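Here the protein sequences come in this chain order: B and Y. Counting in the numbering used here, the first sequence runs from 20 upward without gaps. Counting in the numbering used here, the second sequence runs from 334 upward without gaps. Glycine included, every Cβ here is placed at the ideal spot set by N, Cα and C. The model shown is predicted, which means the values in this text are computed figures rather than measured ones. What follows is one structure encoded as structure tokens, with my remarks underneath.
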Amino acid sequence: MVRSLQQEGRSVEMEVSVRSEKQQSRGRTAIWQSRLALLVMINLAQLWILSAAVDAALAHEYKQLAPLVVASGICWLIALSIILWWKPVVR
Amino acid sequence: MSFSSSDNQTVANILSEERESSDESNVRVASASYQAEFPYERDGEAQVTRREFCNFLFLTSSALFVGAGGFAAKAAYDSQQKTEFAAARIDGAKGLAPGSSLNFSYPAEEDTAILIRSSDGSYSAFGQKCTHLSCPVHYAKAHGRLECPCHEGGFDAKTGEVLYGPPPRPLDKITIEVRNGEIFATGREVRGNGS
């Protein structure tokens, strides 16, 4: 009886451990997915900025070019920070 | 809380099964059922992981930034360049009746232009390509303006400024001079709004 209870307790601990591992894995996947989604959005924004820059240049609106390039640079910096720092914590 | 080696082994087995069926570690296993229904052989594509795709997106971001910067720099540099034009006589301009127009090319053969003599006898000349999508504009005498038939853009016949429609900027201005009764084109200026 005592042995049976011990075994049951151990299996519960084991299940908790596996579940915790699974949750961590799920958390890591969520972070990867969110990084990917953010990068896709940044790419779309930069694509829009590039088309706006082409439009401005063709219309000879040169004053608009500098802010557009700066905006694209900020997007790039955010993408860089996502790639370099926004990583899942390894435990 | 202490585990025996068999327990640890069981945990490792469960986790390895998880990893095998994860699309992150083994795409082939994870997508086997789909491969059976939609068979295709594209190894490189099947092996792209989230990490690689993220790296690819970052590279794309870098390329878009460099592209925008490069394009802006090139456009700004080109706007600073001054081109020297040789004067060229416009054939047939001398006998142009007031309220009519004449097509010519300046400075190169492919740079089409239009010379307008308004009712008061004054001359003005502009590039003939609409600044929207390069359709040729024509002089609408009744309205006293240059009209683009493609997308219904309109320009002022005296200044070349946009009156209505989709064109984003005025027509190229061609400077003209009258020398001994002959009309000469002496320069061509690409203009933006407000310049």
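_K407 of chain Y versus V73 of chain B: straight-line alpha-carbon distance, rounded_ = As a first step, residue 407 of chain Y is located in the second sequence; it is residue number 74 there, counting from the start. As a first step, residue 73 of chain B is located in the first sequence; it is residue number 54 there, counting from the start. Our two residues, K407 of chain Y and V73 of chain B, have alpha carbons roughly 11 Å apart in a direct line.
*Could you name the residues of chain Y that I95 of chain B contacts, counting a contact when the two beta carbons are closer than 7 Å?*
Numbered from its first residue, the first sequence carries residue 95 of chain B at position 76. Residue identity differs from the one stated: residue 95 of chain B is Trp in this sequence, not Ile. The contacting residues are S394, S395, F398.
*Counting contacts by CB-CB distance shorter than 8 Å, is S412 of chain Y in contact with chain B?*
The count along the second sequence starts at 1 and reaches residue 412 of chain Y at position 79. Taking Cβ atoms only, chain B reaches closer than 8 Å to S412 of chain Y, which makes this a yes.
*Ordered along the chain, which non-local residues of its own chain (more than five positions away) have a Cβ less than 8 Å from that of A419 of chain Y?*
In the second sequence, counting from the first residue as 1, residue 419 of chain Y sits at position 86. For A419 of chain Y, where only same-chain residues beyond five positions count, the Cβ hits under 8 Å are P440.
*If we cut at 8 Å on Cβ distances, does I102 of chain B have a partner in chain Y?*
Working through the first sequence from its first residue, we reach residue 102 of chain B at position 83. True, the Cβ-Cβ gap to chain Y drops below 8 Å.
_Quick check on P501 of chain Y - is its C-beta less than 8 Å from some C-beta in chain B?_
Along the second sequence, read from residue 1 onward, the residue named residue 501 of chain Y stands at position 168. For P501 of chain Y, the answer is yes, since a Cβ of chain B falls inside 8 Å of its Cβ.
*Tell me whether the beta-carbon of L504 of chain Y lies closer than 8 Å to the beta-carbon of L466 of chain Y.*
As a first step, residue 504 of chain Y must be located in the second sequence, where it is residue number 171. As a first step, residue 466 of chain Y must be located in the second sequence, where it is residue number 133. Not closer than 8 Å, so no.
*Give a yes or no on whether the minimum CB-CB distance between G92 of chain B and chain Y is below 8 Å.*
Numbered from its first residue, the first sequence carries residue 92 of chain B at position 73. So, interface residue.
*Hey, does E27 of chain B have any beta-carbon neighbour from chain Y nearer than 8 Å?*
Along the first sequence, read from residue 1 onward, the residue named residue 27 of chain B stands at position 8. No, no contact with chain Y.
*Any chance the segment 74-87 of chain B sits against the segment 501-519 of chain Y, with 3 or more Cβ pairs inside 8 Å?*
Contact between the segment 74-87 of chain B and the segment 501-519 of chain Y is present, because at least three Cβ pairs lie under 8 Å.
*Based on Cα-Cα distance, which residue from Y:F386, Y:K491, Y:L448, Y:I507 lies nearest to A430 of chain Y?*
Position 97 of the second sequence, counting from 1, holds the residue named residue 430 of chain Y. Proximity to A430 of chain Y across Y:F386, Y:K491, Y:L448, Y:I507 peaks at Y:L448, based on C-alpha coordinates.
*With DSSP as the reference, label I447 of chain Y as helix, strand or coil.*
The residue labelled residue 447 of chain Y in the question sits at position 114 within the second sequence. The DSSP-derived three-state label of I447 of chain Y is strand.
*Cα-Cα, which of B:G46, B:K106, B:Q65, B:E32 is closest to P86 of chain B?*
Counting from one through the first sequence, the residue named residue 86 of chain B turns up at place 67. Nearest C-alpha to P86 of chain B: B:Q65.
*Does the distance from the C-beta atom of L55 of chain B to that of A401 of chain Y stay below 8 Å?*
To locate residue 55 of chain B, count along the first sequence from 1; it is residue 36. To locate residue 401 of chain Y, count along the second sequence from 1; it is residue 68. For L55 of chain B and A401 of chain Y, no; Cβs fall outside 8 Å.
*Candidates Y:F517, Y:N341, Y:V495: which alpha carbon is nearest K427 of chain Y's?*
Taking the first residue of the second sequence as position 1, residue 427 of chain Y is located at position 94. Cα-wise, what sits closest to K427 of chain Y is Y:F517.
*Find out if the Cβ-Cβ distance for the pair R422 of chain Y, E515 of chain Y is shorter than 8 Å.*
Numbered from its first residue, the second sequence carries residue 422 of chain Y at position 89. Numbered from its first residue, the second sequence carries residue 515 of chain Y at position 182. With respect to E515 of chain Y, R422 of chain Y sits close: the two C-beta atoms are nearer than 8 Å.
*asked:* Between C387 of chain Y and chain B, is any beta-carbon pair separated by less than 8 Å?
replied: As a first step, residue 387 of chain Y must be located in the second sequence, where it is residue number 54. Cβ-Cβ to chain B under 8 Å: yes for C387 of chain Y.
*Which residues in chain B sit within 7 Å of V523 of chain Y, going by Cβ to Cβ distance?*
Numbered from 1 along the second sequence, position 190 holds the residue referred to as residue 523 of chain Y. Those within 7 Å of V523 of chain Y in chain B are H79.
*Candidates Y:F389, Y:S434, Y:G425: which alpha carbon is nearest S457 of chain Y's?*
As a working mapping, residue 457 of chain Y is identified with position 124 in the second sequence. Cα-wise, what sits closest to S457 of chain Y is Y:S434.
*Backbone secondary structure at N436 of chain Y - three-state DSSP*: Locating residue 436 of chain Y in the second sequence gives position 103, counting from the first residue. The three-state secondary structure of N436 of chain Y, taken from DSSP, is strand.
*From what residue to what residue does the alpha helix (DSSP H) around F389 of chain Y run?*
Here residue 389 of chain Y refers to the residue found at position 56 when the second sequence is read from its first residue. That run of the alpha helix (DSSP H) goes 383-413.
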